[in-house]
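2 protein chains.
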Amino acid sequence: MSLSPAPACIELTHGSGGRVTAELITNVFHRHFDNAWLRQGNDYAIFTPPPGRLVISTDAHVITPLWFPGGDIGCLAVNGTINDVAMAGAQPLYLSAAFILEEGFLLTDLERIVISMAAAARAAGVPIVTGDTKVVERGHGDGCFITTTGIGVVPKGINISGDRAALGDAILINGSMGDHGVAVLAAREQLHFITPPQSDSAALHSLVAAMITAVPELHCLRDPTRGGLATTLNELAHQSGVGMQLTEAAIPIHAAVRGACELLGFDPLYLANEGKLVAICPAAAAETLLATMRAHSLGREAAIIGTVTGDAQHLVQMKTVFGGSRLVAWLTGDQLPRIC
Amino acid sequence: MSLSPAPACIELTHGSGGRVTAELITNVFHRHFDNAWLRQGNDYAIFTPPPGRLVISTDAHVITPLWFPGGDIGCLAVNGTINDVAMAGAQPLYLSAAFILEEGFLLTDLERIVISMAAAARAAGVPIVTGDTKVVERGHGDGCFITTTGIGVVPKGINISGDRAALGDAILINGSMGDHGVAVLAAREQLHFITPPQSDSAALHSLVAAMITAVPELHCLRDPTRGGLATTLNELAHQSGVGMQLTEAAIPIHAAVRGACELLGFDPLYLANEGKLVAICPAAAAETLLATMRAHSLGREAAIIGTVTGDAQHLVQMKTVFGGSRLVAWLTGDQLPRIC
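Residue numbers (full-length UniProt numbering), protein chains in the order written: chain A, 1 to 340; chain B, 1 to 340.
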């Protein structure tokens, strides 16, 4: 007679807080995220931060499908929150991760996700130091949701905020727009491409560190995720009380993304990105910033895409490739739900 | 012709990251959580912590029903994470909140929850400084899930951890066991009581502050939430490599909880609590700690319930009210799923 095999699926008892929860934490989360904080076995992590201002940011991740070309919900949850922290100009220090799992979710799938998170955290040098696991009944969740929260420290003298864009500032991005959105769309709709688009999911904190070293007077940073570049620029224009003038021809968009958008009626400026940032800096520093970004592996296709203007209505305008002018409005409706 | 009325339900577009998301954030979250960090409009909050060691803790909340006697998911999400931070002996400073909403969830219900969170945060003096909102399709979530993360600072000289219980230490609790579990059970199963049990949901940080001032040599603190007192004591015994000897008669349990448990076959030692803590301290300090706890409004029914022993198997034993001895094992299975 042999013992019954371990359950291959998440069951409600994995969320009970009892012995089965403890085993899941030890065998899956602690095993892969392994670090001194988790080994302590407390419901919290204690750390001594470097002196200075700290940043906290949080993101829930509900992307579907859980795996897509170029990434998965795990690396996305790590990189996405690292990026939110980095957009304050901060060096990310620690992450927490809270899982909401659906009864019936395969344990092997959970482990794949956790391994991906662990690899992303290790690559970024930002450990996952505390967490939580809840389980909901079948049909009351959707496989796996992950909420990550990040803590970082802002270097002295750095003052980056969405309300600091000023008249005449240059607007830069670190590369092509829409890759994540189209990659997820392709995975979801099982579209076939000759060169399949890949998500750009990446942790941007080392790029940001290089940028603030080269141009400490950087005014704004923001990652154009949900809502895409268009929405991010409108947010920044609104927050800073300025307008913006873009040059469409300067915005890099990969051929596969452009093709998919034309075919399916999407606008790449509204598609989500997961390894991209918008930077706004004084015009005089723009070429230095551009060169710094291009010298970094995550900024090779960086470009100056526009200028901050004095529009009282805080509109984002774009000179089109055909020489006309187009209003780049906020996203209304939802092009692609559950993109991150 | 009039404009169409604002949607009364959460729609997918509330999670798009576009204009409708921005309106939800402004009109609901910022309006009620209102503070200087949120008003900045960034995806993060910046703060300068007091010097010293910091604590981070996170919890996902998936409780059903969302409203129950004595509380709701909103105050629970605030108090629960404040308590996790406080269990390090820390003073909680800031919270983040990430919402996963199901398409079709009533906006009025969301606002009720947000108002409850805001009230709990204000009462505790711990602002919600950053957040996130995602929306999933109808049938892929369950109304409202909330993940909160807390940051706190540990006072100098305090060294509380689950691995510090030592031979001869006293084990205390701050009041009756099982109230939250039975209150949620009653709401879920629509049970009727003459005196309906109320959840004990409460923020324990001011009680903890009084306790560490009176007894700075406190060894362990933990909140017996999921899995109840039994599981929490087993965790601590395991983590510290000790055994425990409890006295059943010393453990306060309200009559309604005892009655419901007898009727329904539950064991109150395994029911979740949301305003309770276990404290372990040197025996010599136990009476001082007890008096301090009893002098606080959240510790009036505090009791010394047992002693740390030298059991090599790390078992938790209990002298029953009938004079016998009973093993208090880890929770196996799940008495009540989605209790927090």
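Heads up, the beta-carbon is just placed ideally off N, CA and C, and yes, glycines get one too. Please read all numbers here as calculations on a predicted model, not as lab measurements.
| Asked | Found |
| --- | --- |
| Identify the contact partners of residue 147/B in chain A, using a Cβ-Cβ distance below 7 Å as the criterion. | 60, 98, 147 |
| Can you pull out the residues from the region 43-58 of chain A whose beta carbon lies closer than 9 Å to at least one beta carbon of chain B? | 43, 44, 45, 46, 47, 48, 49, 51, 52, 53, 54, 55, 56, 57, 58 |
| Report all residues from its chain with a CB closer than 6 Å to the CB of residue 104/B; omit the five preceding and five following residues, and keep chain order. | 9, 138 |
| Apart from the five residues just before and just after residue 298/B, which ones in its own chain have a Cβ nearer than 7 Å to its Cβ? | 174, 202, 204, 207, 275 |
| Quick one: measure Cβ to Cβ for residue 126/B and residue 194/B, integer angstroms, because I've assumed they're closer than 8 Å. | About 36 Å separates the two Cβ atoms, so there is no contact after all. |
| Judging by CA-CA distance, which residue of 84/A, 245/A, 170/A is the nearest neighbour of residue 230/A? | 245/A |
| So is residue 77/B buried or exposed if we call it buried at 16+ other beta carbons inside 10 Å? | buried |
| List the DSSP bridge partners of residue 59/A. | 148/A |
| Write down the C-beta distance between residue 152/A and residue 249/A rounded to the nearest angstrom, noting that I regard them as a contact closer than 8 Å. | The Cβ separation is near 35 Å, so there is no contact. |
| Kindly identify the DSSP beta-bridge partner or partners of residue 92/A. | 152/A |
| Find the residues of chain B that neighbour residue 87/A, judging by a C-beta separation of less than 8 Å, and give them in chain order. | 42, 43, 44 |
| Measure the CB-CB distance between residue 128/A and residue 95/A and report whether it falls below 7 Å. | yes |
| Please list, in chain order, the residues of the region 267-278 of chain A that have any C-beta partner in chain B closer than 9 Å. | 270, 272 |
| Tell me whether residue 1/A sits in a helix, a strand or coil according to DSSP, three-state version. | Only weak support exists for where residue 1/A lies, its pLDDT of 47 falling under 50; the coordinates are left without a value. |
| What whole-angstrom Cβ distance do residue 226/B and residue 65/B have, given they're in contact under 8 Å? | The pair is not a contact, with the Cβ atoms about 17 Å apart (cut-off 8 Å). |
| State the DSSP-derived secondary structure class of residue 87/A, mapped to helix, strand or coil. | coil |
| Look up residue 33/B in the DSSP assignment and say whether it is helix, strand or coil. | helix |
| Cutting at 8 Å between CB atoms, please list the residues of its own chain near residue 238/A, excluding the five before and the five after it. | 314 |
| Would you call the region 165-184 of chain B and the region 43-54 of chain B touching, i.e. three or more CB-CB distances under 8 Å? | no |
| Here's the rule: buried if 16 or more other CB atoms are within 10 angstroms of the residue's CB, otherwise exposed. What is residue 335/B? | buried |
| Between residue 1/A and chain B, is the shortest Cβ-Cβ distance under 7 Å, so that the two count as touching? | Because the pLDDT of residue 1/A is 47, which lies under 50, any placement of that residue in the model is unreliable, and the number read from its coordinates should be weighed accordingly. Closer than 7 Å: no. |
| Using CA atoms only, rank isn't needed, just tell me which of 186/B, 16/B, 119/B is closest to residue 31/B. | 119/B |
| Check the C-beta distance from residue 44/B over to residue 55/A and give it rounded, since I have them as a contact under 8 Å. | 5 Å |
| Taking the alpha-carbon of residue 141/A as reference, which of 101/B, 122/B, 158/B, 157/B has the nearest alpha-carbon? | 101/B |
| Apart from the five residues just before and just after residue 279/A, which ones in its own chain have a Cβ nearer than 8 Å to its Cβ? | 171, 172, 173, 174, 211, 218, 220, 221, 289, 293 |
| Between the Cα of residue 234/B and the Cα atoms of 319/A, 14/A, 11/A, 18/A, which residue gives the shortest distance? | 18/A |
| Classify residue 325/B as helix, strand or coil using the three-state DSSP reduction. | strand |
| Assuming residue 42/A contacts residue 162/B (C-beta within less than 8 Å), just tell me the rounded distance between them. | 5 Å |
| Helix, strand or coil for residue 177/B? Go by DSSP, reduced to three states. | coil |
| Against chain B, does residue 34/A count as a neighbour if the rule is that its beta carbon must be under 7 Å from one of theirs? | no |
| Give the residues of chain A in contact with residue 239/B, contact being defined as C-beta atoms less than 9 Å apart. | 40, 41, 42 |
| Thinking residue 147/B and residue 60/B are a contact (beta carbons under 8 Å), I'd like their distance in whole angstroms, please. | 4 Å |
| Give me, in chain order, the residues of the same chain whose beta-carbon lies closer than 7 Å to that of residue 340/B; leave out the 5 immediate sequence neighbours on both sides. | 61, 63, 76, 80, 225, 226, 272, 274 |
| Indicate the three-state DSSP secondary structure (helix, strand or coil) for residue 245/B in the structure shown. | strand |
| With a cut-off of 8 Å on the beta carbons, I'd call residue 69/A and residue 198/A a contact; round off their distance for me. | 5 Å |
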